[in-house]
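There are 2 protein chains.
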Amino acid sequence: MTATITAFERSPDRGNGLARDMRLRWAFEEVGQPYDVRLMSFKAMKQPAHLAIQPFGQIPTYEDGDIALFESGAIVFHIAERHKGLLPDEANARARAIMWMFAALNTLEPPIFDRSLVRILERDKPWYEERLAALGEIIGKRLDGLSSHLGAADWLDRTFSAGDLLMVTVLRRLQGSGMLEERPNLAAYIARAEARPAYQRAFAAQLAVFTAAAG
Amino acid sequence: MTATITAFERSPDRGNGLARDMRLRWAFEEVGQPYDVRLMSFKAMKQPAHLAIQPFGQIPTYEDGDIALFESGAIVFHIAERHKGLLPDEANARARAIMWMFAALNTLEPPIFDRSLVRILERDKPWYEERLAALGEIIGKRLDGLSSHLGAADWLDRTFSAGDLLMVTVLRRLQGSGMLEERPNLAAYIARAEARPAYQRAFAAQLAVFTAAAG
Numbered sequence: 062m063t064a065t066i067t068a069f070e071r072s073p074d075r076g077n078g079l080a081r082d083m084r085l086r087w088a089f090e091e092v093g094q095p096y097d098v099r100l101m102s103f104k105a106m107k108q109p110a111h112l113a114i115q116p117f118g119q120i121p122t123y124e125d126g127d128i129a130l131f132e133s134g135a136i137v138f139h140i141a142e143r144h145k146g147l148l149p150d151e152a153n154a155r156a157r158a159i160m161w162m163f164a165a166l167n168t169l170e171p172p173i174f175d176r177s178l179v180r181i182l183e184r185d186k187p188w189y190e191e192r193l194a195a196l197g198e199i200i201g202k203r204l205d206g207l208s209s210h211l212g213a214a215d216w217l218d219r220t221f222s223a224g225d226l227l228m229v230t231v232l233r234r235l236q237g238s239g240m241l242e243e244r245p246n247l248a249a250y251i252a253r254a255e256a257r258p259a260y261q262r263a264f265a266a267q268l269a270v271f272t273a274a275a276g
Numbered sequence: 062m063t064a065t066i067t068a069f070e071r072s073p074d075r076g077n078g079l080a081r082d083m084r085l086r087w088a089f090e091e092v093g094q095p096y097d098v099r100l101m102s103f104k105a106m107k108q109p110a111h112l113a114i115q116p117f118g119q120i121p122t123y124e125d126g127d128i129a130l131f132e133s134g135a136i137v138f139h140i141a142e143r144h145k146g147l148l149p150d151e152a153n154a155r156a157r158a159i160m161w162m163f164a165a166l167n168t169l170e171p172p173i174f175d176r177s178l179v180r181i182l183e184r185d186k187p188w189y190e191e192r193l194a195a196l197g198e199i200i201g202k203r204l205d206g207l208s209s210h211l212g213a214a215d216w217l218d219r220t221f222s223a224g225d226l227l228m229v230t231v232l233r234r235l236q237g238s239g240m241l242e243e244r245p246n247l248a249a250y251i252a253r254a255e256a257r258p259a260y261q262r263a264f265a266a267q268l269a270v271f272t273a274a275a276g
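From first to last, the protein sequence lines are chains A and B.
My numbering puts the first residue of the first sequence at 62, with every later residue one more than the last.
My numbering puts the first residue of the second sequence at 62, with every later residue one more than the last.
In structure tokens, the structure reads:
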């Protein structure tokens, strides 16, 4: 049976791979599994049929036979547990890969996502510049920690894992901010991930949805 | 071998169980495993010895033989995978419990933690009231989603799991805000969790650290 995920009918990022379905698409591509996509309007996301699966009215969701899941991190983990390619076999390396999944979503993503929201929603507020600077400082410290840890390595813990996959999708939100360029090993880390054939297939698939909707 | 975790020498929450070591203590108690604690000053957390384990200079960490982990969510998961009591055996129920772990940390915690920070750091800013109201609105919508999902059930997915453990530690930050009282099933859910003997032992242990340091 092929799993079905949900994605935006018309993504607010205009197909730039920042919507969270990108994480699932990339995971499926890394493990070589097909998937179906059900596109959703913002209105449909708030209807009872979707809320029964996703109580917060968001995308993506994942349905496969008798299981329905939400939360992109949990779905990537579900895919990674069931198919080879995203988690190392050795127990300690596996635990560290899972650690980086949580670090991406709980330590890096909150201030980085906040920054994106502030830039959209608070641009006209009197506090805009001060808020952006404060967030930039928090993000900068976390990027410094990540950059120090990564050093000259290719991936966060030797081989590419679901931890790298989630981390890269989080860091990509900072492209254009200058904060990645200031830490060249992080910029190179993202470029290395984006060069993976699985990433490119996933990116093309989500971009095609946007292009078709806009066409 | 007994695992060692790190915790604040003097917790900013004055022993109210909001520091993230509480999650680990509670998990250990639920599965009936002993643990050792190494207390850390804010200064020691930023030293190379700690940064080698926790690149962001935070607590808690977890060390057990040849493995060292950080990220409270990842550590709770590590404990839950190795000992019975925090994840159901049945595959779909287990995946849903993991889903709620990610939902707690990636959907609920970011705006709730942000609110705590704003109340401490931005109280004197001209935008304080407006910021707090905006965050209250975001948090309110997520609590509504959670409350609808929970309904009259005891736990998020039938039996108590690591998902409930993390969710309750996140929601407890809202105690005193009025937002939980407005959703009585969430207030009752937290009270139900706090009544668990494992919770009470963990709470007492972290409070004892603060009391000793303050005495």
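A virtual CB, placed ideally from N, CA and C, is assigned to each residue, including glycine.
Chain order gives the chain B residues near phenylalanine 131(A) as Met160, Ala164, where near means a beta carbon separation below 8 Å. With a beta-carbon spacing of about 4 Å, aspartate 125(B) and alanine 64(B) fall inside the 8 Å limit used to define contacts. 8 Å or more divides the Cβ of leucine 79(A) from the Cβ of isoleucine 66(A). Judged by their CB atoms, leucine 227(B) and valine 98(B) are not nearer to each other than the 8 Å cut-off.
Between the stretch 193–200 of chain B and the stretch 133–153 of chain B, the count of C-beta pairs closer than 8 Å stays below three; the two stretches do not touch. With 16 or more neighbouring CB atoms inside 10 Å of its own CB, glycine 76(B) falls in the buried class. Looking only at Met106(B), Gly93(B), Glu142(B), Ile114(B), the smallest Cα-Cα distance to glycine 224(B) is reached by Glu142(B).
In this structure, alanine 68(B) sits near glutamine 267(B), with a CB-CB distance shorter than 8 Å. Within the same chain, Cβ atoms closer than 6 Å to the Cβ of phenylalanine 264(B) are found at Gly78, the five residues on either side in sequence being excluded. Cβ-Cβ distances below 7 Å link glutamate 70(A) to Leu100, Met101, Ser102, Ala274 in the same chain, with the five nearest sequence neighbours on each side left out; the list follows chain order.
Apart from sequence neighbours up to five positions away, the residues of its chain that approach leucine 112(B) with a beta-carbon distance below 7 Å are Gly118, ordered along the chain.
By DSSP's assignment, isoleucine 66(B) forms a beta bridge with Val98(B), Tyr123(B). Assignment of phenylalanine 221(B) by DSSP, reduced to helix, strand and coil, places it in the coil class. In this structure the stretch 241–253 of chain A touches the stretch 199–211 of chain A; the number of beta carbon pairs closer than 8 Å is three or more. With its beta carbon less than 8 Å from one in chain A, serine 209(B) belongs to the interface. For phenylalanine 163(A), the enclosing alpha helix (DSSP H) has its first and last residue at 152–163. For leucine 182(A), the number of other beta carbons within 10 angstroms of its own is below 16, and it is reported as exposed. Under the 10 Å beta carbon count, proline 187(B) is surrounded by fewer than 16 other beta carbons and is classified as exposed.
Contact with chain A is found for threonine 168(B), since one of that chain's Cβ atoms lies less than 8 Å from the residue's Cβ. Phenylalanine 117(B) belongs to the set of residues whose beta carbon lies under 8 Å from a beta carbon in chain A. The distance from the Cβ of serine 72(B) to that of proline 149(B) is about 32 Å, inconsistent with a contact at the 8 Å cut-off. Between the C-alpha atoms of glycine 206(A) and arginine 81(A) there is a straight-line separation of about 24 Å. Across the structure, leucine 235(A) and isoleucine 173(A) are spaced so that their CA atoms are roughly 7 Å apart. For the set Arg192(A), Leu147(A), Leu204(A), Gln261(A), the Cα lying nearest the Cα of leucine 178(B) is the one of Arg192(A). Of the residues assessed, methionine 162(B) falls on the buried side of the cut-off, its CB having 16 or more other CB atoms within 10 angstroms.
For glycine 93(B), the closest of Tyr260(B), Val270(B), Phe271(B) by C-alpha to C-alpha distance is Tyr260(B).
Cβ-Cβ distances below 6 Å link leucine 241(A) to Leu235, Leu247, Ala248 in the same chain, with the five nearest sequence neighbours on each side left out; the list follows chain order. The C-alpha of methionine 160(B) is placed about 10 Å away from the C-alpha of alanine 154(B).
A residue is called buried once 16 or more other Cβ atoms fall within 10 Å of its Cβ, and proline 116(B) is buried on that count. Annotation for isoleucine 140(B): the continuous alpha helix (DSSP H) segment containing it runs 133–143. Counting of Cβ neighbours within 10 angstroms places proline 121(B) among the buried residues, the total reaching 16 or more. Using a Cβ-Cβ cut-off of 8 Å, asparagine 246(B) does not count as an interface residue toward chain A, since no Cβ of chain A sits closer than that to its own. In its chain, beyond the 5 residues on either side, Asp218 have a beta carbon closer than 7 Å to the beta carbon of arginine 157(A). Proximity of aspartate 127(B) to chain A, defined by a Cβ-Cβ separation below 8 Å, is satisfied. Chain-order list of chain B residues neighbouring asparagine 153(A): Asp127, Ile128, by C-beta distance under 7 Å.
Contact annotation: in the stretch 83–98 of chain A, no residue has its CB less than 9 Å from a CB in chain B.
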